[in-house]
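Mapping of the sequence shown onto my numbering: position 14 corresponds to residue 157, and the numbering continues sequentially without gaps. Backbone N, C-alpha and C fix where the C-beta goes; we use that ideal spot for every residue, glycine too.
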Amino acid sequence: MLHHHHSVTCRHHDKHSAQEVLDEALHRAKDGGLRRTRALEDVLRILIASHQPLNLADISESKGLKSGADRATVYRLLVKLEERGIIRRLGLHDRSTYYTMLEHDRHDDYLICTGCGRIQRLDIQCPVEALERDIEKASGFKKLHHELEFYGLCPKCA
């Protein structure tokens, strides 16, 4: 699996317009060998417009899917986008998988309930930013990135 570098500015401090995010994602998709199709554009637009991770049903049943792509086509696109580091897959293996955009200068960390599978963005200052800088200095590695998923029981399941 390829991972695209992204630093640690949180998404709720968006610096880029949806069109800029789409243009960058389409450029990365092209570089990854994907053809630019209406279905690809639709899937990316749906994910960019969402303020939360979406599952396959959310995307394939969205009014934003104007191309008429079927569920299997959407699934294949999601797999290809994840393999190229354009989107991130979230969730528990025995539950529905969710997808969210990976953008080059921001990231989100998530809380995932092991009871009901609910996924919630962690809305605090990322606790790993300073550690990431320390690791870069100590190891000589550059452009480090991370993805955090915390698992536990949500208040409803606890």
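Output the distance between the C-alpha atoms of Phe293 and Gln263, rounded to the nearest integer angstrom. Taking the sequence shown and counting its residues from 1, one reaches residue 293 at position 150. Taking the sequence shown and counting its residues from 1, one reaches residue 263 at position 120. If I take the Cα positions, the gap works out to 10 angstroms.
Excluding the 5 residues preceding and the 5 following Leu183 in the sequence, name in chain order all residues of the same chain whose CB lies nearer than 7 angstroms to its CB. Along the sequence shown, one-based indexing puts residue 183 at 40. Taken in chain order, the residues that qualify are Ala172, Leu177 and Leu220.
Quick one: what does DSSP say Gln195 is sitting in, helix, strand or coil? Counting from 1 along the sequence shown, the entry for residue 195 is found at position 52. Correct three-state label for Gln195: coil.
If we count Cβ pairs, one from each stretch, closer than 8 angstroms, do we get three or more for the stretch 180-194 versus the stretch 202-214? yes
List the whole-angstrom C-beta distance separating Ala161 from Ala200, where the pair is believed to meet the contact cut-off of C-beta under 8 angstroms. As a position in the sequence shown, residue 161 is number 18, starting the count at 1. As a position in the sequence shown, residue 200 is number 57, starting the count at 1. In fact, because the Cβ distance is near 22 angstroms, the residues do not count as touching under 8 angstroms.
Between the Cα of Leu190 and the Cα atoms of Asp174, Gly175, Tyr241 and Leu235, which residue gives the shortest distance? Walking along the sequence shown from the start, residue 190 turns up at place 47. Leu190 has its Cα closest to that of Tyr241, out of Asp174, Gly175, Tyr241 and Leu235.
Helix, strand or coil at Ile229 [DSSP, three-state]: By one-based count along the sequence shown, residue 229 stands at place 86. Coil.
Quick check on this structure: which residue in Lys223, Cys259, Cys269 and Glu246 has the alpha carbon closest to the alpha carbon of Tyr253? Looking up residue 253 in the sequence shown gives position 110. The shortest Cα separation from Tyr253 among Lys223, Cys259, Cys269 and Glu246 belongs to Cys269.
Bridge partners of Cys256, per DSSP? Walking along the sequence shown from the start, residue 256 turns up at place 113. DSSP output for Cys256 lists Gly295 as bridge partner(s).
Enumerate in chain order the residues of its own chain whose CB-to-CB distance from Leu291 is below 6 angstroms, with the five nearest sequence positions on each side excluded. Here the question's residue 291 lines up with position 148 in the sequence shown. These residues qualify, in order along the chain: Asp252.
Contacts around Arg154, its chain only, beta-carbon distance under 6 angstroms, and the 5 residues preceding and following it disregarded: For the purposes of this step, residue 154 is identified with residue 11 of the sequence shown, where counting begins at 1. Because the pLDDT of Arg154 is 41, which lies under 50, any placement of that residue in the model is unreliable, and the number read from its coordinates should be weighed accordingly. Excluding sequence neighbours, Arg154 sits near Arg249 and Asp251.
Looking only at its chain, what residues have a beta carbon closer than 6 angstroms to the beta carbon of Gly283, apart from the 5 residues adjacent to it on each side? Here residue 283 corresponds to residue number 140 of the sequence shown, with the count starting at 1. Around Gly283: no qualifying Cβ.
Please classify Asp277 as buried or exposed, where buried requires at least 16 other C-beta atoms within 10 Å of its C-beta. Looking up residue 277 in the sequence shown gives position 134. When all chains shown are included, Asp277 counts as exposed.
For a quick check, are the C-beta atoms of Gly207 and Arg188 less than 8 angstroms apart? Here residue 207 refers to the residue found at position 64 when the sequence shown is read from its first residue. Here residue 188 refers to the residue found at position 45 when the sequence shown is read from its first residue. Contact flag set, yes.
Taking the Cβ atom as the reference point for each residue, do Val217 and Ile202 lie within a distance shorter than 8 angstroms? Residue mapping note: residue 217 aligns to position 74 of the sequence shown, counting from 1. Residue mapping note: residue 202 aligns to position 59 of the sequence shown, counting from 1. Contact flag set, yes.
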